[in-house]
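Residue numbers (our numbering): 448 to 545.
Worksheet: the structure to be examined is printed underneath.
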């Protein structure tokens with residue numbers, strides 16, 4: 448009798464952490480961070496299965512973990528142009544835009 452529970456098709460956290468691509472992420476980022484990202488991706492997959500979607504395969508979940516890692520851990524500071532005409536410097540007192 449085949450198992451009809453779609454949640455059983457989802458891989459475990461240990462199985463995902465044993466995957467070569469996830470281990471490569473662990474080498475690049477901290478292990479705790481990668482475990483948290485794996486758990487977040489599995490929670491999203493469980494939520495999708497609960498909504499009636501088909502369970503994603505291992506490759507799709509690993510790709511989601513990689514996407515989360517690249518997005519969440521990317522540098523957030525970007526160059527900006529001060530086009531107000533006022534030089535903002537901490538030693539100049541109060542600037543009009545503060």
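For each residue, glycine too, the CB sits at the ideal point set by N, CA and C.
Here the structure is a predicted model, which means the values were calculated and not measured.
Residue 516 sits away from residue 489, with the two beta carbons spaced by 7 Å or more. For the pair residue 492 and residue 464, the CB atoms are not nearer than the 7 Å cut-off. Separation of the CB atoms of residue 468 and residue 513 is rounded to 7 Å, and the pair is thereby assigned contact status at 8 Å. Excluding its 5 nearest sequence neighbours in each direction, residue 509 has C-beta neighbours in its own chain below 8 Å: 463, 466, 468, 469, listed in chain order. Under the three-state reduction of DSSP output, residue 451 falls in the coil class, being neither helix nor strand. Look at residue 480 here: in three-state DSSP terms it is helix.
Note on geometry: alpha-carbon atoms of residue 459 and residue 506 lie some 13 Å from one another.
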